[in-house]
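**Student:** Please see the structure below; I have some questions.
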Amino acid sequence: SDHMENIYGYLMKYTNLVTGWQYRFFVLNNDAGLLEYFVNEQSRHLKPRGTLQLAGAVISPSDEDSHTFTVNAASGEQYKLRATDAKERQHWVSRLQICTQHHTEAIGKNNPPLKSRSFSLASQGSANSPGVQRRPSQNAISFFNVGHHRLSTGKRVPILQPDHLVDVREMMSQAEGQQRDLIRSIECLPVSGHLTSLDQDLLMLKATSMATMNCLNDCFHILQLQHASQQKGSLSAGTTISWLEPKISLSNHFKNGAAQNFSAEINKPASVREEQSISEPGQLTREPEEINPDEELEDICDDKEDDLGAVEEQRSVILHLLSQLKLGMDLTRVVLPTFILEKRSLLEMYADFMSHPDLFIAITNGTTPEDRMIRFVEYYLTSFHEGRKGAIAKKPYNPIIGETFHCSWRMLKSEVATEAGSNLLAHSPSEQVTLSKDLEGQTELDYYTVKFVAEQVSHHPPVSGFYAECVERKMCVNAHVWTKSKFLGMSIGVTMVGEGLLSLLEHGEEYTFSLPCAYARSILTVPWVELGGKVNINCAKTGYSASINFHTKPFYGGKLHRVTGEVKQNATNTVVCRVQGEWNSVLEFTYNNGETKYVDLTKLSVTRKRVRPLEKQGPFESRRLWQHVTESLRDGDIDKATEHKRALEERQRNEERLRAETETPWCTKYFLKEGDGWVYHKPLWKTVSAVQTQQMDNN
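Residues in the sequence shown are numbered from 1 upward in steps of one, following full-length UniProt numbering.
This is the structure in structure tokens:
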């Protein structure tokens, strides 16, 4: 209550794409539970330009920067605001949150239930909806009465048993389902007439029910923490507790290598329960694991995303989702419907960009700096086509923090080009199968191996790190990518913030590069992918650079997927190569000697990656982690896939909350933070340098 003072001051408010940000004078009225704003301070005595009810609102600091935050009212209205600095933002956010909590709790105390309205809502709901059926046994007391712990004066409270937590969790899930049905019933009402979806009492009911469920979730979380603290000193190492969510031991994952004498094993709902838990000692360690390429087998998975039926059938779901989004809204925290997901993680998608390892290895075979830069551009432009699984725009799984993906490629040395351009010969699918079989009888000396590892190093913001190397050719690539998604009306834009570094150690050259933006277009009909933006490739040592433009289609006319670029020598500003065409079809390379070369990406050979079988993968490797979601999507069971996906996401939120409350920092497994980027813990340039130093010492 000491902090419940009225505050006021200038903030920047985002209006729309045309007007942008504008300074407005804001007043927090704690007594009324209102956030009001005026054009300026002098107009405070006039009617506010806008007012938000804070009861049931959600106040969220933004990940975009340290100044921005949003106020999301229970009515659906949103203010996107920006303070002058991080300190001022924290001041506003904390005061708004205190005011919001106070008035949300007051609603539950001061507003009696809408008895007459409850029958009206029930009569309009679905007969199959548990949220609108009136069951005498499901009153507030009987529904939430666990019945296992009767407290008596003077008696010691017994330790809460794991199965009781499971019971509570199940009751909570039922309550959440009923609350969603209630919201759905209100939103399905007409916008005009005797009882409308905009009725003030019903809007208050929505806010109250939402606040109630939030409070119950907070209480349940406290029970979890108490249970963990009680068990911490009494359980021996290796003891597992059947507790919440998927049945995977997570304490080492959460604690990130910190000393622990207990492990929390999480219990899946009945419909998604695994046959046995994963409890091998060593699987959950946060120490880097050396993957033996000989354990990896050629990937036989071929999940082409060609099924448009689900998108058409779920159009109403998309419309409902779009109705809640606003232009420019950050989609990082928005949960998207499961049916639009690809059957792979984003980390695996990054690996699929390496599906032409022969072109990658051939870069270092260039005889001149100019040749090597051109080869890198050729490889770069041919990598995006295979990264997509079909024409339809679907979204890969959002990796959870700590998730990893490992794979490798083997390439016959005779298939890697030495002469410029010869590595772009196309193979038919049957020829490619022959090439794969040819590797079976080869020794390690006959082929090159490219190893790949990716890790989700951050959750908010979502940042992935990936690294690939070919030890035989002394070359490696390291990159980190922050994916920022925004709603653009009838499309979704994804900005790939980050940088990559290719190192050719034989030549002492480093090439920095960026990535284009991606867009999912026509999301209400048949969504498709488009790339856009300008990317740059630079080599400081040689003075060569490349500028590549991915052109988005104009509103009228123009071609799809068009790309243009040029390679130049910076010192003389001489263009040595030009490229044009489509990044998913045919590319035309024109060199300064007058020669022209065409590359048909649809006929370019693809080398299948090699992946360890699921039974040999760790519990947080992508395919094993998402296996139940993937299997359900393959079976066309969207509801089951959604259930598995929700379990993983809720587990991640619980872990994140526990780390925050115990002030336990997250430690990555394979990548280290260096400046603004992330670098593989044992990059080839460090290994080669150490070997060379040791050889010099021996000599």
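C-beta: ideal position from N, C-alpha, C; glycine also.
Figure out for me which residue from R651, L195, L604 has the closest Cα to the Cα of residue 705.
**Tutor:** Because the chain here runs from 1 to 699, residue 705 falls outside it and cannot be looked at.
**Student:** Based on Cα-Cα distance, which residue from C517, L501, K559 lies nearest to A540?
**Tutor:** The shortest Cα separation from A540 among C517, L501, K559 belongs to L501.
**Student:** My understanding is that Y380 touches H356, with C-beta atoms under 8 angstroms, so please give their C-beta distance in whole angstroms.
**Tutor:** Going by Cβ atoms, the distance from Y380 to H356 rounds to 10 angstroms, so no, they are not a contact pair.
**Student:** Nearest-angstrom Cα distance between K568 and S585?
**Tutor:** Going by the C-alpha atoms only, they are around 24 angstroms apart.
**Student:** Considering just the uninterrupted stretch of the beta strand (DSSP E) at Y467, what are its terminal residues?
**Tutor:** Its beta strand (DSSP E) spans residues 463-470.
**Student:** How do the segment 392-402 and the segment 540-554 stand: do at least 3 beta-carbon pairs fall below 8 angstroms, yes or no?
**Tutor:** No: the two stretches stay apart, fewer than three of their Cβ pairs being nearer than 8 angstroms.
**Student:** Give me the residue from A32, I98, H45, S66 with the minimum Cα distance to L52.
**Tutor:** Closest option to L52, Cα to Cα, is A32.
**Student:** On a CA-only basis, which of Q174, L203, W21, L658 is nearest M213? Give me that one, please.
**Tutor:** Answer by Cα proximity: Q174.
**Student:** Should C301 go down as buried or exposed, given a rule of 16 or more other Cβ atoms within 10 Å for buried?
**Tutor:** So C301 counts as exposed.
**Student:** Are the CB atoms of T687 and H507 within a distance shorter than 8 angstroms?
**Tutor:** In this structure, T687 does not lie closer than 8 angstroms to H507 by Cβ.
**Student:** Taking the beta carbon of N593 as the centre, do at least 16 other beta carbons fall within 10 Å, making it buried, or is it exposed?
**Tutor:** So N593 counts as exposed.
**Student:** Under 8 angstroms, do E566 and V575 count as touching if we go by C-beta distance?
**Tutor:** A contact, by the Cβ cut-off of 8 angstroms.
**Student:** Flag this pair as yes or no: are the beta carbons of residue 700 and R623 separated by less than 8 angstroms?
**Tutor:** Any question about residue 700 goes unanswered here, given that the chain covers just 1 to 699.
**Student:** What residue range does the beta strand (DSSP E) around residue 701 cover?
**Tutor:** Summary: the structure shown does not reach residue 701, with the chain confined to residues 1 through 699, and so no result is reported for it.
**Student:** Should the segment 178-185 be called in touch with the segment 21-29, which here means at least 3 C-beta pairs below 8 angstroms?
**Tutor:** At 8 angstroms Cβ cutoff, the stretches do not touch.
**Student:** Looking only at C-alpha atoms, which of E187, C188, I548, G193 sits nearest to V377?
**Tutor:** Residue I548 is the option with its Cα nearest to V377.
**Student:** Starting from the C-beta of D358, find all residues in its chain whose C-beta is less than 6 angstroms away, skip the five residues before and the five after it, and write them out in chain order.
**Tutor:** M411, E415, V416, N423.
**Student:** Taking 8 angstroms as the threshold (C-beta atoms), are C517 and V494 in contact?
**Tutor:** In contact: V494 and C517 (Cβ atoms closer than 8 angstroms).
**Student:** Do K669 and P288 have their C-beta atoms closer together than 8 angstroms?
**Tutor:** Taking 8 angstroms as the Cβ cut-off, K669 and P288 qualify as a contacting pair.
**Student:** Let me confirm a value: K87 is counted as buried when at least 16 other C-beta atoms fall within 10 Å, else exposed. Which label applies?
**Tutor:** Classification for K87: exposed.
**Student:** Is it buried or exposed for K394, if we count other Cβ within 10 angstroms and need 16 for buried?
**Tutor:** It counts as buried.
**Student:** Using only alpha-carbon positions, find the residue among Q22, L601, R651 that is nearest to F620.
**Tutor:** Nearest of Q22, L601, R651 to F620, Cα basis: R651.
**Student:** Looking at the strands, I want to know which residues DSSP matches up with Y680.
**Tutor:** Answer is F671, bridged to Y680.
**Student:** Relative to the C-alpha of G56, which residue among I186, Q42, S66, V71 is closest?
**Tutor:** Comparing Cα-Cα distances from G56 to each of I186, Q42, S66, V71, the minimum goes to V71.
**Student:** How many whole angstroms separate the CB atoms of S464 and Y350, which I take to be in contact at a CB cut-off of 8 angstroms?
**Tutor:** So it is a contact: roughly 7 angstroms between Cβ atoms.
**Student:** Cβ atoms of R344 and P293: under 8 angstroms apart, would you say?
**Tutor:** Their beta carbons are not under 8 angstroms apart, which means P293 does not touch R344 by this criterion.
**Student:** Tell me whether the segment 82-98 and the segment 4-13 touch, counting them as touching only if at least three CB pairs, one residue from each stretch, are closer than 8 angstroms.
**Tutor:** The segment 82-98 vs the segment 4-13: in contact.
**Student:** Leaving out five residues before and five after E499 in sequence, what residues of the same chain have Cβ atoms less than 8 angstroms from its Cβ?
**Tutor:** Result list for E499: A479, H480, T512, F513, S514, G677, in chain order.
**Student:** Is the separation between the beta-carbon of I291 and that of T208 shorter than 8 angstroms?
**Tutor:** No, they are not a contact pair.
**Student:** Does DSSP classify H45 as helix, strand or coil?
**Tutor:** Here H45 sits in coil by DSSP.
**Student:** Thinking C-alpha only, which one of L505, S491, E661, C188 is nearest R521?
**Tutor:** Looking at the Cα atoms, S491 is the closest of the given residues.
**Student:** Span of the alpha helix (DSSP H) holding N398?
**Tutor:** Taken as a continuous stretch (DSSP letters only), N398 belongs to no alpha helix (DSSP H), as it is neither H nor E.
**Student:** Which residues in the same chain as V58 place their Cβ atom closer than 6 angstroms to its Cβ, once the five residues preceding and following it in sequence are excluded?
**Tutor:** These residues qualify, in order along the chain: N72.
**Student:** Which stretch, first to last residue, makes up the alpha helix (DSSP H) that contains T642?
**Tutor:** 638-661 is the span of the alpha helix (DSSP H), which, as asked, contains T642.
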